[in-house]
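Asker: Our numbering numbers the first residue of the sequence shown as 7 and each following residue consecutively.
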Amino acid sequence: MKQRVRVGYGAGALAVLLAASGCGNGSGAADRPPVPAAPTAASGTPAPSGTGTPSAPAQDAVPEAAWAKWGLKPLPKAPAPPADRPIKLTRSGQVPVFSEVPTTDKVVFITLDDGAEKDPKFVEMLTELKVPVTMFLTKDIVKNDYAYFTPLQALGNSIQNHTVSHPVMSKLGPAQQKAQICDDQAALTEQYGTAPYLFRPPYGDGANTPALNTAVQECGPRAVVLWRESMQIHDMQYQAADKKLRNGDIILAHFRGPSELKGETMTGMFGELLARIQEQGFAVARLDDYLARPTG
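Shown next as structure tokens:
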């Protein structure tokens with residue numbers, strides 16, 4: 007029976023499913039046994055996400071007509087952000103690796119990787135539906151149009167680290183791994199005014215190796231984020247055998263367009279993702295609202 011992954015510091019290589027393109031076209035890290043919980047820092051108020059304003063269940067203000075415009079039914083409304091963030095990050099030391107958030111809230115979290123597709127209609131869609139996402143951007147993929155992601159960030163969606171050129175990290179030496187993470191960190195901080203505090207390795211590769219953990223620590227992010235489900239074109243790929251979402255699951259999707267989606271658009275794929283979430287009765291919450299960042 008597959009086991010659920012919580013928060014911990016794994017040792018050794020992480021088994022991953024490498025697919026043919028992009029971030030694996032949604033392939034995620036394989037299940038692994040539970041590991042000890044991360045030591046927690048003193049709880050404090052985490053730094054606000056995105057634009058510097060605290061999050062709120064913004065979907066409360068979305069009219070049904072807006073959902074209908076995109077061919078969707080309204081999602082359940084997300085609860086208010088928890089006062090006690092369930093994952094507490096530390097200022098130093100090893101960084102935790104997690105693919106879900108321990109919570110009793112019936113919520114999931116959407117993450118979008120790399121930044122290859124820059125469809126203006128997707129900005130319109132998120133502006134109207136106010137669905138929160140977390141963006142893991144790759145410098146060499148987004149540098150031709152950094153500005154595309156600014157209005158998405160202005161909606162409160164934070165921008166996080168996903169390397170410079172999207173390599174298989176375990177095939178790189180320690181210095182190369184550090185360069186991939188640190189250079190992306192510097193570029194994204196300069197462009198968007200906020201230093202990423204989360205890192206996602208391409209394909210999930212090397213997520214639990216000491217070399218990658220050290221590189222992440224030295225470059226600034228304070229956690230490695232994986233996923234439990236990945237969005238394909240019309241449905242999700244699940245790690246759980248029963249193919250069902252669970253509270254706190256992190257979902258991987260990509261900035262993708264018709265050439266990678268067999269003719270489907272970015273908005274079409276994202277609409278299918280929201281429909282699958284809605285069918286299972288989950289709300290979409292903002293990942294930043296469940297993570298307590300170190301203060302001081």
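C-beta: ideal position from N, C-alpha, C; glycine also. Computed from a predicted structure; not experimentally measured.
Just list the residues that DSSP pairs D255 with in beta bridges.
Answerer: For the purposes of this step, residue 255 is identified with residue 249 of the sequence shown, where counting begins at 1. DSSP lists E106 as partners of D255.
Asker: Enumerate in chain order the residues of its own chain whose CB-to-CB distance from P82 is below 8 angstroms, with the five nearest sequence positions on each side excluded.
Answerer: Reading the sequence shown from its first residue, position 76 is the one you call residue 82. The answer, listed in chain order, is K112, Q284, G287, F288 and A289.
Asker: Provide the residue(s) that pair with Y244 in DSSP beta bridges, ordered along the chain.
Answerer: Residue 244 sits at position 238 when you count from the first residue of the sequence shown. The partner list for Y244 (beta bridge, DSSP) reads E235.
Asker: Exposed or buried, V174, counting other C-beta atoms within 10 Å across all chains shown (16 or more means buried)?
Answerer: In the sequence shown, the residue the question calls residue 174 occupies position 168. So V174 ends up on the exposed side.
Asker: Using 10 angstroms around the beta-carbon of R228, count the other beta-carbons present and answer buried if the total reaches 16, otherwise exposed.
Answerer: Sequence index remark: in the sequence shown, residue 228 carries index 222 (1-based). Classification of R228: buried, given that the 10 Å Cβ count is 16 or more.
Asker: By how many angstroms is the C-alpha of Q245 removed from the C-alpha of D37?
Answerer: By 1-based counting over the sequence shown, the position of residue 37 is 31. By 1-based counting over the sequence shown, the position of residue 245 is 239. Note that D37 scores a pLDDT of 34, beneath 50, so its modelled location is shaky and nothing firm can be said.
Asker: Can you check the stretch 88 to 148 for any beta strand (DSSP E) of at least 3 residues that lies completely inside it and give the ranges in chain order?
Answerer: 113 to 120 and 140 to 143, all fully within the stretch 88 to 148.
Asker: Under DSSP, the beta strand (DSSP E) around Q286 begins and ends at which residues?
Answerer: Taking the first residue of the sequence shown as position 1, residue 286 is located at position 280. Where Q286 is concerned, there is no enclosing beta strand (DSSP E), given that its DSSP letter is neither H nor E.
Asker: In this structure, does DSSP put N163 in helix, strand or coil?
Answerer: Counting from one through the sequence shown, the residue named residue 163 turns up at place 157. Of the three classes helix, strand and coil, the one that applies to N163 here is coil, per DSSP.
Asker: Quick one: does the C-beta of L297 sit closer than 7 angstroms to a heavy atom of the ligand SAH?
Answerer: The ligand SAH is absent from the structure shown, which contains no ligand whatsoever.
Asker: Alpha helix (DSSP H) containing T195: first to last residue?
Answerer: Walking along the sequence shown from the start, residue 195 turns up at place 189. Residues P180 to Y198.
Asker: Could you pull out every residue in the same chain whose Cβ sits closer than 6 angstroms to the Cβ of E278, ignoring the five residues on either side in sequence?
Answerer: If you number the sequence shown from 1, residue 278 lands on position 272. The residues are H240.
Asker: Rounding to the nearest angstrom, what Cα-Cα distance links A47 and P300 in this structure?
Answerer: Counting from one through the sequence shown, the residue named residue 47 turns up at place 41. Counting from one through the sequence shown, the residue named residue 300 turns up at place 294. Per-residue confidence for A47 stands at a pLDDT of 31, beneath the threshold of 50, marking its modelled position as unreliable; the derived number appears in the next sentence. Rounded to the nearest angstrom, the two C-alpha atoms are 7 angstroms apart.
Asker: Report the residue from A192, L232, A247 and E224 whose alpha carbon sits nearest the alpha carbon of L293.
Answerer: Walking along the sequence shown from the start, residue 293 turns up at place 287. The shortest C-alpha separation from L293 is found at L232.
Asker: Does the beta-carbon of A298 have 16 or more other beta-carbons within 10 angstroms, so that it is buried, or is it exposed?
Answerer: On the sequence shown, position 292 is the one that residue 298 refers to. Buried.
Asker: Given that a residue counts as buried once 16 or more other Cβ atoms are within 10 Å of its Cβ, and exposed if not, what is K75?
Answerer: Along the sequence shown, read from residue 1 onward, the residue named residue 75 stands at position 69. Exposed, by the Cβ-count rule.
Asker: Once the 5 residues before and after M131 are set aside, which same chain residues still bring their CB inside 7 angstroms of it?
Answerer: Taking the sequence shown and counting its residues from 1, one reaches residue 131 at position 125. Here the set comprises W76, T273 and F276.
Asker: Exposed or buried, which one is T144 when buried takes at least 16 other CB atoms within 10 Å?
Answerer: In the sequence shown, residue 144 corresponds to position 138, counting from 1. Per the 10 Å Cβ criterion, buried.
Asker: Can you tell me where the alpha helix (DSSP H) with A213 in it begins and where it stops?
Answerer: Position 207 of the sequence shown, counted from the start, is the residue given in the question as residue 213. Element bounds for A213: n/a, residue is neither H nor E.
Asker: Using DSSP bridges, identify the partner residues of L297.
Answerer: The residue you call residue 297 lines up with position 291 of the sequence shown. Looking at the DSSP assignment, L297 forms a beta bridge with I93.
Asker: If we count the other Cβ atoms within 10 Å of its Cβ and call it buried at 16 or more, is A181 buried or exposed?
Answerer: Here residue 181 is taken as the residue at index 175 of the sequence shown, counted from 1. With fewer than 16 other Cβ atoms within 10 Å, it is exposed.
Asker: Once the 5 residues before and after L204 are set aside, which same chain residues still bring their CB inside 6 angstroms of it?
Answerer: Here residue 204 refers to the residue found at position 198 when the sequence shown is read from its first residue. Around L204: Q166, P227, A229 and V231.
Asker: Give me the Cβ distance between S105 and I256, rounded to the nearest whole Å; I'm assuming they're in contact under 8 angstroms.
Answerer: Locating residue 105 in the sequence shown gives position 99, where the first residue counts as 1. Locating residue 256 in the sequence shown gives position 250, where the first residue counts as 1. The Cβ separation is near 6 angstroms, so the contact holds.
Asker: Kindly confirm or deny that the stretch 145 to 165 and the stretch 185 to 198 touch, where touching means at least three C-beta pairs closer than 8 angstroms.
Answerer: Touching, per the Cβ criterion.
Asker: So, H3 versus R206, is the Cβ gap smaller than 8 angstroms?
Answerer: Look at the range of the chain in this structure, 7 to 302, and you will see that residue 3 is not part of it.
Asker: Going by DSSP, which residues form a beta bridge with H260?
Answerer: One-based indexing of the sequence shown puts residue 260 at position 254. According to DSSP, which records beta bridges pairwise, H260 is partnered with D119.
Asker: Is V68 helix, strand or coil by DSSP?
Answerer: If you number the sequence shown from 1, residue 68 lands on position 62. Coil.
Asker: Would the beta-carbon of V103 fall within 8 angstroms of that of A213?
Answerer: In the sequence shown, counting from the first residue as 1, residue 103 sits at position 97. In the sequence shown, counting from the first residue as 1, residue 213 sits at position 207. Cβ distance < 8 angstroms, so V103 and A213 count as in contact.
Asker: With burial defined as no fewer than 16 other Cβ atoms inside 10 Å of the residue's Cβ, what is the status of R97: buried or exposed?
Answerer: Start at 1 with the first residue of the sequence shown, and residue 97 comes out as number 91. Flag for R97 reads exposed.
Asker: Output the distance between the C-alpha atoms of Q100 and R262, rounded to the nearest integer angstrom.
Answerer: As a working mapping, residue 100 is identified with position 94 in the sequence shown. As a working mapping, residue 262 is identified with position 256 in the sequence shown. The straight-line gap from Cα to Cα measures roughly 33 angstroms.
Asker: Who are F205's beta bridge partners in DSSP?
Answerer: Working through the sequence shown from its first residue, we reach residue 205 at position 199. BP columns for F205 point to N167 and V230.
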